[in-house]
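Chains S and P are the protein sequences, given in the same order.
Take the first sequence: its letters are residues 183 to 514, numbered as in our numbering.
Take the second sequence: its letters are residues 183 to 514, numbered as in our numbering.
Encoded as structure tokens, the structure appears first; notes follow it.
2 protein chains.
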Amino acid sequence: MAPDRTLSQRLLDGDRRALARGISLVESDHPDGWALVSEVFPHTGRAAVVGFTGPPGVGKSTLLGTLTRAERARGRTVGVLSVDPSSPFTQGALLGDRIRLTEHFLDPGVFIRSMANRGALGGLSEAALQAALLMDAAGRDVVFVETVGVGQAEVDVIDHADTIVLVLMPGSGDSIQALKAGVMEIPDIIVVNKADHPLTDTMVREIRGVLSLGPAGAAGGTSSWRVPIVKTQAAHGLGTDELVEQLERHREHIAAEGTLVERRRRNLMNEVVAIATARMRRTLEASIREDAEVQTLLAEVAERRIDPATAATRILARGAERVADESGPAPG
Amino acid sequence: MAPDRTLSQRLLDGDRRALARGISLVESDHPDGWALVSEVFPHTGRAAVVGFTGPPGVGKSTLLGTLTRAERARGRTVGVLSVDPSSPFTQGALLGDRIRLTEHFLDPGVFIRSMANRGALGGLSEAALQAALLMDAAGRDVVFVETVGVGQAEVDVIDHADTIVLVLMPGSGDSIQALKAGVMEIPDIIVVNKADHPLTDTMVREIRGVLSLGPAGAAGGTSSWRVPIVKTQAAHGLGTDELVEQLERHREHIAAEGTLVERRRRNLMNEVVAIATARMRRTLEASIREDAEVQTLLAEVAERRIDPATAATRILARGAERVADESGPAPG
Numbered sequence: 183m184a185p186d187r188t189l190s191q192r193l194l195d196g197d198r199r200a201l202a203r204g205i206s207l208v209e210s211d212h213p214d215g216w217a218l219v220s221e222v223f224p225h226t227g228r229a230a231v232v233g234f235t236g237p238p239g240v241g242k243s244t245l246l247g248t249l250t251r252a253e254r255a256r257g258r259t260v261g262v263l264s265v266d267p268s269s270p271f272t273q274g275a276l277l278g279d280r281i282r283l284t285e286h287f288l289d290p291g292v293f294i295r296s297m298a299n300r301g302a303l304g305g306l307s308e309a310a311l312q313a314a315l316l317m318d319a320a321g322r323d324v325v326f327v328e329t330v331g332v333g334q335a336e337v338d339v340i341d342h343a344d345t346i347v348l349v350l351m352p353g354s355g356d357s358i359q360a361l362k363a364g365v366m367e368i369p370d371i372i373v374v375n376k377a378d379h380p381l382t383d384t385m386v387r388e389i390r391g392v393l394s395l396g397p398a399g400a401a402g403g404t405s406s407w408r409v410p411i412v413k414t415q416a417a418h419g420l421g422t423d424e425l426v427e428q429l430e431r432h433r434e435h436i437a438a439e440g441t442l443v444e445r446r447r448r449n450l451m452n453e454v455v456a457i458a459t460a461r462m463r464r465t466l467e468a469s470i471r472e473d474a475e476v477q478t479l480l481a482e483v484a485e486r487r488i489d490p491a492t493a494a495t496r497i498l499a500r501g502a503e504r505v506a507d508e509s510g511p512a513p514g
Numbered sequence: 183m184a185p186d187r188t189l190s191q192r193l194l195d196g197d198r199r200a201l202a203r204g205i206s207l208v209e210s211d212h213p214d215g216w217a218l219v220s221e222v223f224p225h226t227g228r229a230a231v232v233g234f235t236g237p238p239g240v241g242k243s244t245l246l247g248t249l250t251r252a253e254r255a256r257g258r259t260v261g262v263l264s265v266d267p268s269s270p271f272t273q274g275a276l277l278g279d280r281i282r283l284t285e286h287f288l289d290p291g292v293f294i295r296s297m298a299n300r301g302a303l304g305g306l307s308e309a310a311l312q313a314a315l316l317m318d319a320a321g322r323d324v325v326f327v328e329t330v331g332v333g334q335a336e337v338d339v340i341d342h343a344d345t346i347v348l349v350l351m352p353g354s355g356d357s358i359q360a361l362k363a364g365v366m367e368i369p370d371i372i373v374v375n376k377a378d379h380p381l382t383d384t385m386v387r388e389i390r391g392v393l394s395l396g397p398a399g400a401a402g403g404t405s406s407w408r409v410p411i412v413k414t415q416a417a418h419g420l421g422t423d424e425l426v427e428q429l430e431r432h433r434e435h436i437a438a439e440g441t442l443v444e445r446r447r448r449n450l451m452n453e454v455v456a457i458a459t460a461r462m463r464r465t466l467e468a469s470i471r472e473d474a475e476v477q478t479l480l481a482e483v484a485e486r487r488i489d490p491a492t493a494a495t496r497i498l499a500r501g502a503e504r505v506a507d508e509s510g511p512a513p514g
């Protein structure tokens with residue numbers, strides 16, 4: 183336990199290398215990573231965690247770059263966690279995105295980390311949420327979590343956020359339709375980036391139209407917050423100050439209203455469920471790969487002799503049996 | 183068991199009321215529904231199952247209406263399963279969508295059913311896949327499964343399909359970006375609906391650009407299939423015949439190539455995992471709601487005394503304990 187305690191102490195002191203090491207441990211699912219989060223967790227809850235979502239290509243990374251600069255100018259330390267659920271042939275694009283953040287690489291007040299999705303989104307969001315907790319524990323004033331989102335799939339990645347920002351651009355017609363149809367949840371703040379585009383005001387009007395459809399205070403359910411629309415040109419640093427102000431305003435609003443505490447409680451519950459589900463799924467997938475009896479069952483499904491639900495029932499029963507074996511005789 | 187056997191026999195004979203009843207049983211998670219699927223499963227695998235995905239508002243329902251007409255004109259029976267993951271305030275829009283299918287309501291060769299998402303997407307896709315199996319067993323030649331998709335979330339709903347069609351329209355910029363970034367998987371066929379829009383050819387060019395980026399035969403991995411782009415004006419019935427031809431062409435291609443068998447095997451495996459995961463998650467959520475000890479644990483998480491991962495571990499251990507209790511003494 184000695185080296186772990188040292189690591190957690192260094193992390194709580196704000197040591198960047200300890201933070202980097204901690205996140206790597208969490209990312210690789212190392213037991214020391216989980217132990218570290220467990221140790222430092224009582225020291226979390228101080229950072230303002232802001233989640234950024236929106237379709238790829240709208241300029242989220244550029245926006246985060248300018249936003250980081252604005253927060254630094256206000257004397258705040260920043261952690262940026264970029265979650266990339268993407269296929270191999272897009273690595274070029276993502277590398278390009280990261281380069282936009284390089285101006286901050288030498289600033290000790292900025293900590294940037296990106297995590298890539300390798301198949302299991304559940305596993306990735308799990309690790310990302312732990313990484314955000316570590317940044318919080320390391321004393322970052324603000325933690326930005328960025329994820330590519332065009333639907334509901336990535337919602338749990340930003341579930342840990344106090345404030346959720348949806349970034350769109352002129353031409354984001356599908357997202358507008360998804361908001362309108364209720365497939366995408368209404369965020370706390372909407373940014374229209376690339377606002378030098380001639381169709382910007384059309385886009386803003388469309389968003390206003392969608393927001394007016396929803397129940398008052400759609401964001402957070404019972405909240406009385408009115409979702410602001412902020413126009414930015416991140417590539418030219420325009421609109422960033424207004425966005426920083428709206429972020430502060432939202433945070434003060436939910437703190438004053440009491441919804442911050444409630445939201446965090448709900449987010450932590452969701453996190454427990456997400457972690458437990460991801461682990462169960464992993465156990466299940468392992469049993470499918472490794473268990474000869476399960477393999478036989480699956481072959482029978484493929485031959486249409488046993489239906490999928492019956493096979494699932496038998497696999498779950500078998501899993502319970504194994505768990506029972508491992509935990510020894512049950513109380514009679 | 184007697185009434186069930188009768189129901190399954192009637193369903194296998196193609197009785198529409200039996201099919202409707204069976205889907206209702208599956209939708210309400212009734213044990214008789216699962217028993218029914220189990221009984222008829224050996225008779226499935228004959229229907230051509232086609233999944234339609236794409237952002238809301240592109241006209242999928244209208245397209246399915248004209249496509250159904252075209253398939254009927256070719257003498258084929260059709261089942262349409264419309265999956266709506268949406269919030270309460272969009273029901274008006276969805277009702278409007280359904281009205282577009284009403285011309286088929288009196289045709290015994292067409293069976294239309296929509297299933298709504300009430301919170302748990304896992305649970306819904308599970309039920310939808312079972313419903314598709316029932317339509318298959320009831321002798322529908324073609325089964326269309328429609329879902330709103332703007333990301334990865336809905337992929338498992340159409341996982342059961344032999345052919346996946348992505349429906350876009352001019353202005354679907356976010357979807358193009360999502361395809362480009364690899365966040366959305368390349369489908370088998372891409373439809374650009376509302377092709378009377380002046381920006382149609384721009385959209386087609388953008389899609390061509392994205393497709394040219396991917397590895398040859400992106401759809402299905404090892405398949406040599408080249409993804410066709412079909413322009414339609416569903417509201418005027420234009421382009422439907424070409425789409426029907428492309429659907430037939432794709433089916434013949436994967437049958438000849440051997441990927442149909444492989445794809446179905448993989449889809450069935452995914453279905454087993456999806457059903458098992460959904461059930462595990464349901465058990466977990468029930469324990470969170472009902473178990474006093476779990477409630478205490480969660481309160482400690484909210485107070486930041488126990489971290490989420492540790493809480494998840496304890497909840498899972500407790501679940502295993504309960505399973506062991508229920509299954510009696512484990513072998514010593």
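Even glycine gets a Cβ: it sits at the ideal position worked out from N, Cα and C.
{"Item": "Just the chain S side, please: which residues come within less than 8 Å of proline 213(P) by C-beta, in chain order?", "Value": "Those do not exist, as proline 213(P) stays about 10 Å from chain S at its closest Cβ, beyond 8 Å."}
{"Item": "Expressed to the nearest angstrom, what Euclidean distance is found between the alpha-carbon atoms of leucine 395(S) and glycine 355(P)?", "Value": "23 Å"}
{"Item": "Note down, in chain order, every chain S residue with its Cβ under 7 Å from the Cβ of phenylalanine 223(P).", "Value": "Arg486, Asp489"}
{"Item": "Between arginine 496(S) and the rest of its own chain, which residues show a CB-CB distance below 7 Å, the 5 nearest in sequence each way excluded?", "Value": "Leu479"}
{"Item": "Name the one or two DSSP bridge partners that phenylalanine 223(P) has.", "Value": "According to DSSP, phenylalanine 223(P) bridges with nothing at all."}
{"Item": "What is the residue span of the beta strand (DSSP E) that serine 296(P) lies within?", "Value": "292-298"}
{"Item": "Could you confirm whether any beta carbon from chain S is found closer than 8 Å to the beta carbon of phenylalanine 271(P)?", "Value": "Note that phenylalanine 271(P) scores a pLDDT of 40, beneath 50, so its modelled location is shaky; the value from the coordinates is reported in the next line. With 8 Å as the cut-off, phenylalanine 271(P) counts as an interface residue toward chain S."}
{"Item": "Assign serine 220(P) to one of two classes, buried (16 or more other C-beta atoms within 10 Å of its C-beta) or exposed (fewer than that).", "Value": "buried"}
{"Item": "Using the beta-carbon count (16 or more within 10 Å), is serine 406(P) buried or exposed?", "Value": "exposed"}
{"Item": "Please list, in chain order, all residues of the same chain as arginine 254(S) whose beta carbon is under 7 Å from its beta carbon, the five residues on each side excluded.", "Value": "Val260, Asp289, Gly291, Val292"}
{"Item": "Mapping DSSP to helix, strand and coil, what is glutamate 439(S)?", "Value": "helix"}
{"Item": "Measuring only the C-alpha atoms, how far is arginine 471(P) from arginine 464(P)?", "Value": "11 Å"}
{"Item": "Mind pulling the chain S residues with CB within less than 8 Å of methionine 451(P)?", "Value": "Ile470, Leu480, Val483, Ala484"}
{"Item": "Does the separation of the CB atoms of aspartate 370(S) and valine 349(S) fall below 8 Å?", "Value": "no"}
{"Item": "Using DSSP with H/G/I as helix, E/B as strand and the rest coil, what is serine 210(P)?", "Value": "coil"}
{"Item": "Is the distance from the Cβ of alanine 319(S) to the Cβ of methionine 297(S) below 8 Å?", "Value": "no"}
{"Item": "Of the residues Ile368(S), Leu393(S), Met317(S), Ala484(S), which one's Cα is nearest the Cα of alanine 202(S)?", "Value": "Met317(S)"}
{"Item": "For alanine 208(P) versus arginine 258(P), is the C-beta distance shorter than 8 Å?", "Value": "The sequence shown places valine at residue 208(P), rather than the alanine named in the question. Result no, Cβ atoms of valine 208(P) and arginine 258(P) do not sit closer than 8 Å."}
{"Item": "Pick out whichever of Val454(S), Leu442(S), Asp473(S), Glu467(S) has its Cα sitting closest to the Cα of serine 469(P).", "Value": "Val454(S)"}
{"Item": "Using the beta-carbon of each residue, which ones in chain S are nearer than 9 Å to arginine 251(P)?", "Value": "Simply none; closest approach about 25 Å."}
{"Item": "Would you report the Cα separation of histidine 342(S) and leucine 393(S), rounded to the nearest angstrom?", "Value": "23 Å"}
{"Item": "Please return the same chain residues whose Cβ sits closer than 7 Å to the Cβ of isoleucine 488(S), not counting the five positions on each side in sequence.", "Value": "Leu479, Glu482"}
{"Item": "Check this for me: beta carbons of isoleucine 358(S) and isoleucine 389(S), under 8 Å apart or not?", "Value": "yes"}
{"Item": "Answer with buried or exposed for threonine 459(S), where buried requires no fewer than 16 other C-beta atoms within 10 angstroms of its C-beta.", "Value": "buried"}
{"Item": "How far does the beta strand (DSSP E) with alanine 255(P) in it extend, from its first residue to its last?", "Value": "Unbroken run through alanine 255(P) is the alpha helix (DSSP H), 242-255; no beta strand (DSSP E)."}
{"Item": "Let me make sure I understand the geometry here. Which of Gly501(P), Gly233(P), Ala474(P), Ala456(P) has the alpha-carbon closest to that of phenylalanine 326(P)?", "Value": "Gly233(P)"}
{"Item": "Should threonine 384(P) be labelled buried (16 or more other beta-carbon atoms within 10 Å of its own) or exposed?", "Value": "exposed"}
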